[in-house]
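Student: Numbered according to our numbering, the sequence shown terminates at residue 255, and the numbering increases by one at each position without gaps.
Cβ atoms here follow ideal geometry from the backbone N, Cα and C, with glycine treated the same way.
So that we are looking at the same thing, I have put the structure below in structure tokens.
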Amino acid sequence: MQACTKSIVITSLLMLFSSAAISGQSFTVGTENLEYLPFGTSVDGKAMGFFKDVLDEFGKTKGYTFTLSPTPVKRLMNNLITDKIDFKIPDNPVWASSLKIGKNITYSSPLTVYLDGVLVEPKNKGAGYEKLSNLVTVRGFTPFIFLDDIAKGSIKLQETSDLAAVIKMVSAGRAQGGFANITVAQRYMKDTLKKPNLLVYDDSIPTAKSDISLSTIKHPKVIEEFNAFLQSHAQWINDLKKEQNIP
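Below you can see the structure in the form of structure tokens.
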């Protein structure tokens, strides 16, 4: 009887320690090393923005710690598929799809949506897609709605270091249009440059709408938990979006 009691106690302790180890787990989340508010940015190497706020709140519910690691866009995708990070955000199955072939990547339900379109000088708005001959975007971004035209050579694609450089090139006339996230670009021009109408969104040119998810190769079970969190905290997330002016 004593041996049975000891066995039960030991088993209970093991389960307790195992649960504590899981709930106290720390994860590294790769994110884009860009000034990309309201979704995310890094100041002195520390991440901030919508993605961090959501992951921090999720972590509180499960006892997890998420450390965001800002990384250049091209290297970030490589870090995911080579298992150097636990999770990646933002992600979408369409992005860099050729690199993901043969990789068992799990995606969460969408947290939000990216609206990526073409920014032009105000005088050129409405000129039409047919007259678009060159674009500039951030290095590592995939303007997939224009890939056929880029491959045919009817649109020339230039890449640059960040959103600031994209806006500078278009406003200086060195590119006809800049392919970027509309929400982020408008906020950057308004809050950072103090020139809200420096460039405008041309909705006569095709626009890419992408669901934004958390992705992983290593931890599909955590994605299941995250999906449940997105459902149970839907109102909290909607309030956070309103607070941070996320459409």
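Jot down the residue ranges of each uninterrupted alpha helix (DSSP H) in the region 119–190, minimum 4 residues, whole runs only, in chain order.
Tutor: With a minimum length of 4 residues, the continuous alpha helix (DSSP H) runs that stay inside the region 119–190 are 155–160 and 171–179.
Student: Would you say PRO118 and THR191 are within 8 Å of each other, going by their C-beta atoms?
Tutor: Cβ distance not < 8 Å, so PRO118 and THR191 don't count as in contact.
Student: Taking the Cβ atom as the reference point for each residue, do VAL144 and THR114 lie within a distance shorter than 8 Å?
Tutor: Their beta carbons are not under 8 Å apart, which means VAL144 does not touch THR114 by this criterion.
Student: Where are the alpha helix (DSSP H) runs, 4 residues long or more, that stay fully inside the region 65–121, in chain order?
Tutor: If we require 4 residues or more, the alpha helix (DSSP H) runs fully inside the region 65–121 come out as 81–89.
Student: Hey, PHE59 and THR39 are a contact pair by Cβ (cut 8 Å); roughly how many whole angstroms apart?
Tutor: Between THR39 and PHE59 the Cβ distance is about 6 Å, and since that is below 8 Å, they are a contact.
Student: Spatial neighbours of VAL81 within its chain, please: CB distance less than 6 Å, with the 5 preceding and 5 following residues excluded, ordered by chain position.
Tutor: Taken in chain order, the residues that qualify are GLU40 and GLY148.
Student: Give me the Cβ distance between THR75 and VAL37, rounded to the nearest whole Å; I'm assuming they're in contact under 8 Å.
Tutor: So it is a contact: roughly 7 Å between Cβ atoms.
Student: How about PHE47 and PRO98: are their beta carbons less than 8 Å apart?
Tutor: Yes, these two residues count as a Cβ contact at 8 Å.
Student: From which residue to which residue does the beta strand (DSSP E) around LYS217 run?
Tutor: Taken as a continuous stretch (DSSP letters only), the beta strand (DSSP E) holding LYS217 covers 216–224.
Student: Along the chain, where does the beta strand (DSSP E) containing PHE47 start, and where does it finish?
Tutor: No beta strand (DSSP E) contains PHE47, which DSSP labels as neither H nor E.
Student: Which same chain residues, not among the five before or five after LYS96, have their C-beta less than 6 Å away from its C-beta?
Tutor: Once the five neighbours on either side are set aside, the close Cβ partners of LYS96 are GLY38, LEU88 and SER223.
Student: Can you give the Cα-Cα distance for ARG83 and SER106, rounded to whole angstroms?
Tutor: Each residue's Cα considered, the two are about 15 Å apart.
Student: SER179 and LEU207 - do their beta-carbons sit closer together than 8 Å?
Tutor: Yes, Cβ-Cβ distance for LEU207 and SER179 is below 8 Å.
Student: Excluding the five sequence neighbours on either side, which residues of its own chain have a C-beta within less than 7 Å of the C-beta of ILE220, listed in chain order?
Tutor: Cβ neighbours of ILE220 beyond the five flanking positions: PRO98, ASN100, PRO118, LEU119, THR120, VAL121 and TYR122.
Student: Quick check on the DSSP output: the alpha helix (DSSP H) that includes SER240 runs from which residue to which?
Tutor: That run of the alpha helix (DSSP H) goes 228–240.
Student: Considering only residues of the same chain and omitting the five flanking positions on each side of ASN5, which have a CB-CB separation below 8 Å?
Tutor: No answer is possible for residue 5: the residues shown for the chain start at 9 and end at 255.
Student: When you compare each of ALA172, ALA216, GLN166 and SER116 to ILE153 by their alpha carbons, which one comes out closest?
Tutor: Considering only alpha carbons, the answer is ALA216.
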